[in-house]
Each structure stands twice: as C-alpha cells, then as structure tokens.
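Let me begin by presenting the structure, written as structure tokens, before commenting on it.
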Amino acid sequence: MAACLPVVALAVVIGISMHASNKLGSLLEDSYTRMIPNMDSFIDIMSARSSLGYYFWAAYSNAPTNPELSKEFVNKAKDSLKEFKEGVAKYEAAPFGVDEEKLYNEIKGNNQRFYDLTEQVIAALEKGDSESLKFAYSQMAKGEWHTLADKIKKTFNPISDFYTRDGKEGLQTQAEVRAFSKNLLLFTGLLAMFTIFSILMWIAYRVSNSVGDVAAKLSDSTGQVTQAIEQLSAAGHSLSESSTESAASLEETVASLEEMTSMVQMNSDHAREAAALAQTSRDSAEKGEREIKTLVESMQGISQASKKIEEIIHVIDDIAFQTNLLALNAAVEAARAGEQGKGFAVVADAVRTLAQKSAEAAKDITGLIKDSVSKIEKGTDIADKSGVVMQDIVSSVKKVSDLANEIASASSEQTSGIQQISKAMNQLDQGAQSNAASSEEIASTSEEISSQAVQMQQLTETLNEVVLGTSGGADVVEKAVSKKKDAAAPVVHAEKKPVLAKAKNVVKFTPKKEAAKNKTAAQEVIPFDEDESSAVPVANGRGDVGDVSGF
C-alpha cells in the first residue's frame, strides 16, 4: 500500500498538469486560429484605407502641375484598393469573436458601395480634367466616399478595443489557470508527503530493526536541508538589499519624472506661443499675396496703356510723313509759279522742316515707348512670378500654422501622459518598499527555520543513539521530546521595514527660458502626414485647406 501512494500522487500530478496544459493549449489555439489572423487582416484593412486617402489627395494635388506624378499616385491607390479587398476577404473568412460579427455587420453592407465610389474617384483622377477633379474633390472632402471611409474607421476602432480586451482576458485566464494548477500541485504534494511520512513512522514503529538505517539517512537529509535553508537565508538577505536599491532607484525615477513633467508643460506653453506666431505670419503672408496681386493688375494696366500710346505715335508719324509730302508738292508748285510763289516756297520749306523734325521726334518717342513696354512686360512677368512665390509662401505658412497647432495639442497630451506615468511610478515605489520589507521578513523566517533544522538534526542523532542501543537512550529521548515541544512554539518577529537610501544623482531638467523669446521665421515646410490637412488647389488658384479627418 505504501508503495502505491507515490504512484497515485504521480498520477494526480500528471492529471493536473494535463488539465492545465489543455486549458492553456485551447487559449493558445484560439489566439493562432482567430485573434492573430483577424488582427493581421484588421491591420491590412486600416492601412489600405489610410493609404487610399493619402494617395487620392497626393494625386489630386499634383494633377494640374505634374500629371506623371499624379498618375503614379493613382496606380498606388489601385494597389491599396486591391489590398483593402484582400484584407476584407481574409477578415470575413476568419472566425469572429463574441459580438465581433455584430460590430462588423454595421459596415459590411456598405463595402460594395465603398468599392464602387473608390473606383469612380480613381477613374476621375486618371482623367485629370477640371470636371473630373471637381468630382474627386467633392467625394474626398465631404462626399459619400469620405463618409464611408470615416464610418469604416469609427467601426474598426471598437473592434480593435474588442481584441485588446479579449487579449487581456486571455492573459488573466492563463494566470488563473497557472495559479490554480500551482496551488493544487502544492497541496497534492504536501498531502502525499504527509501521508508517506506517517506511513514511514508507522513502519519504523513496527520494524525497529530498519530504523537505524532510516535515522542515519534522515540525519544526512537534515544536514542538506540545513545547508539549503542557509542558502535561502543568504538569498533572502540579498533579495532584501536588491529590493532596497530598487526602491531607491524608483524614488529617483519619480523625482526625475516630476522634473520632466514641468519641462513638458513649459514646452506645451512654448508650442502654443509658436502656434499664435504662426497664425500671425499666416495673416501677413495672405495680405502680401493680395498686394502682389494688385501690383500685377496695375502693371498689366500700364502695359496696355503704353501699347495704346505707341499706336498714337504711329499715327503722328504717318501725319508727319504726309505733311512732308504736301510741303514738297507745295515747293514744286511755288517753283513753277516763279516770283509770285517765292514766299509760298519759303513757307512750304519751313513746314517741310517741321514735318521732318516731327517725324524724327515721333521715331524717338516710339523707340522709348517700345523700350518702356519691354521693361513693363518684364516687370509684369516678375510680378507674376512673385505672385506664384507668394502663393507658395502662403501655402507653406498655412501648413506651418496647422503643424504648430497640432504640436501644441500633442504637447498637452504628453503632459497628461507623463503625469499618469508619474502616478504609476509612485505606486511602483510603494510596491518596491513593501517588497523590501517582505524580503527582510523572508530572511528572518529562513533563519528561524534554520535553527529548527539544527534542532531536528540533534533529535535525529539522539534517535540514532537510541536505536543503536546507547546507554541512557530512554532519558535522551525524553529530553529530546520535551525540547521539541518547547521549540514547537513559533517565534514571531516584528515586521521590519527597510530604510531606503536617499535619492541621489537625480537628473533635473531645467528648460532654457530664452527659447520662448527667440522668434524666428519658418525656413522649412514639414510634409504632411496621413492624418494632417493638405493644401488643395481650387478654382481661384490660391489654394484652400482640404479636410481629411476621415483618414
């Protein structure tokens, strides 16, 4: 019967282990067959949806000025649509979780409509004419395509939260299974040990001849247990010191986080100031754009007036030429008239001289006016180019202004996040202090167990002497039993809490106050990301900011 008990205990342990393994295996199988494929498909869908929006706006923005680049973005949009369809097919083929299918059915019926509208926008961007671009802009800005894309995003966010929650529940279930299996194995082992020990004592009582060997072996085992407990005590002391150092490090980290929080707060204030300055620069740039446009219109008016003056000078030159011919004819007629036409010939000669001077003056004025017209045309071209440059500057300033606003918002969120981290670090600091106290208690308990193991070894030696027939064995056993009863009462030590080392070498972040005073102009325009507003050219040629909140 005694020989069967280890077998029974082993069978129980194997059964518990198999049950825990099956439970954990089912959780792992669920992760590989449902959660991981669905998450991969989910990521492909969201990535392809975001890429569609980005490529659409990129193709639209480059269509008027760079058709080849616009065509490349259209081809990339086609590939993204293909990836989106493949991701949807994989997602629908994988098994759904509880309530997941209900969430997905909210947008499932709109998939085909989304495909059709996406292909229509792609076709419009491929054409590239003004009507097609206008249709594409209406769909991308606030049209049905934009609405469906935004609905897809809003529907998949709860699905993402569902998988996050499902994963946490799986981890919690695994932890519970491991803890239950551990406790059950420990209880079974202790129970088996206790039963075997009782049976061995009964056998020792019945078979006294073999007790000597058992006592000797028990003595050796006790020595090993004593050594193991001494090692455990040393490990407890080492763990206590490590926990104390960890607690001190955590305290230093908490202090550093507080300094970092103040730094991020100041950066947030600076970002808001930068946003205000960017808005002022934006207003000034738009005003400059209007002034350049007025200058261009004035230069064009001057150019047209100069051309009209040139035409008038041509008429005056023709009149001078005709007058010169008439004066020549008059001189001829005066010569025929003889003495009677001599005075008329003098007048005709004077008129001819004036006509020639008028013609020369008209030629000179014509040359000057042509030169002025040429310079005015060059000035008009320069003003036109300045207007284009000013439009680019206005667009860049708008982007900088939007980026500054987003940086200010992100800095505020960072401040909030660091404050939460600081709270969590404070909680970890408290936990570390508690762990240090528990480690010291473990070390103290190990010392107590070590002393009891020494007493047990002494009892074993006494038992061995009794079994081997040493004189006075009965008295020794009686004394040993009374000593064992006295040692049975546990010694309770007061809880000792470690004295934490004072935090040293704390890194303090001192932001430079001069940074807020330096007001510099933006010299480089940062490209927009997927979810940022992009400059969209419209009919008036000045550009407006498109809404891409659905991407």
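Take any residue in the sequence shown, note its place counting from 1, add 10, and you have its number in the numbering used here.
For glycine and all other residues, C-beta sits at the position ideal for the given N, C-alpha and C.
These numbers come from a predicted model, not from an experiment.
Spatial distance of residue i from residue j (CA atoms)
i, j, result
"Ser-368", "Ile-379", "16 Å"
"Gln-275", "Ala-286", "17 Å"
"Gly-389", "Glu-307", "12 Å"
"Ala-189", "Thr-183", "10 Å"
"Lys-192", "Gly-233", "28 Å"
"Met-270", "Lys-433", "13 Å"
"Asn-445", "Gly-246", "11 Å"
"Ala-453", "Gln-465", "19 Å"
"Ile-24", "Leu-195", "10 Å"
"Thr-157", "Arg-300", "35 Å"
"Ile-206", "Leu-200", "10 Å"
"Thr-333", "Ala-347", "21 Å"
"Glu-423", "Val-410", "20 Å"
"Phe-354", "Ile-323", "29 Å"
"Glu-262", "Ser-278", "24 Å"
"Asp-359", "Ser-382", "34 Å"
"Tyr-70", "Arg-123", "22 Å"
"Gln-130", "Phe-145", "9 Å"
"Lys-163", "Ser-419", "22 Å"
"Lys-88", "Ser-421", "37 Å"
"Met-203", "Glu-471", "22 Å"
"Ala-133", "Asp-374", "60 Å"
"Glu-450", "Lys-161", "57 Å"
"Thr-425", "Glu-268", "11 Å"
"Lys-385", "Asp-391", "10 Å"
"Ser-349", "Asn-339", "Reading off the sequence, residue 349 comes out as Glu, not Ser. Using only the alpha carbons, I get a separation of about 17 Å."
"Ala-498", "Glu-458", "Residue confidence is low: Ala-498 scores 41 on pLDDT, short of 50, so the model does not pin down where it sits. Its coordinate-derived value is still stated next. Using only the alpha carbons, I get a separation of about 12 Å."
"Gln-468", "Ser-250", "31 Å"
"Thr-236", "Ile-428", "49 Å"
"Ala-238", "Phe-197", "22 Å"
"Lys-81", "Lys-395", "27 Å"
"Ser-252", "Ala-151", "59 Å"
Helix, strand or coil at residue i [DSSP, three-state]
i, result
"Asp-160", "helix"
"Asn-76", "coil"
"Ala-21", "helix"
Pick from the options that is closest to residue i, judged by C-alpha positions
i, options, result
"Leu-438", "Ile-459, Lys-161 and Ser-256", "Ser-256"
"Ile-431", "Gly-348, Val-410, Gln-462 and Val-264", "Val-264"
"Ile-8", "Thr-128, Leu-200, Leu-267 and Arg-282", "Residue coverage of the chain in this structure runs from 11 to 561, which leaves residue 8 outside it and unanswerable."
"Asp-54", "Glu-78, Glu-102, Pro-74 and Val-84", "Glu-102"
"Lys-86", "Tyr-65, Ser-253, Val-361 and Ser-448", "Tyr-65"
"Gln-440", "Thr-470, Asp-279, Ala-258 and Ile-459", "Ala-258"
"Ser-140", "Ala-365, Pro-77, Ser-448 and Lys-152", "Pro-77"
"Val-98", "Val-84, Ala-73, Pro-74 and Arg-59", "Arg-59"
"Gly-138", "Pro-74, Lys-227, Leu-335 and Ser-231", "Pro-74"
"Asp-327", "Gln-122, Ala-372 and Lys-81", "Ala-372"
"Tyr-147", "Asp-293, Glu-320, Asn-72 and Ile-375", "Asn-72"
"Ile-329", "Ser-316, Lys-318, Glu-349 and Glu-370", "Glu-370"
"Ser-231", "Ala-463, Thr-472 and Glu-475", "Ala-463"
"Ser-316", "Glu-387, Thr-363, Asp-293 and Phe-331", "Glu-387"
"Phe-96", "Val-84, Ala-68 and Ser-57", "The question names Phe, but residue 96 in the sequence shown is Glu. Nearest of Val-84, Ala-68 and Ser-57 to Glu-96, Cα basis: Ser-57."
"Ser-291", "Val-404, Gln-468 and Leu-469", "Val-404"
Residue i - containing alpha helix (DSSP H), residue span
i, result
"Gln-130", "121-137"
"Lys-144", "140-151"
Sub-8 Å separation of residue i and residue j beta-carbons
i, j, result
"Leu-143", "Phe-94", "no"
"Val-407", "Ala-295", "yes"
"Gly-582", "Met-400", "Shown here, the chain extends from 11 to 561; a query on residue 582 therefore has no answer."
"Leu-135", "Glu-154", "no"
"Lys-352", "Ala-344", "yes"
"Ala-337", "Val-361", "yes"
"Glu-320", "Thr-376", "yes"
"Ser-243", "Ser-448", "no"
"Glu-240", "Ser-460", "yes"
"Lys-303", "Gly-397", "yes"
"Ala-414", "Leu-305", "no"
"Ala-442", "Leu-210", "no"
The ligand SAH heavy atom lying under 7 Å from the CB of residue i
i, result
"Tyr-64", "The ligand SAH is not part of the structure shown, which contains no ligands of any sort."
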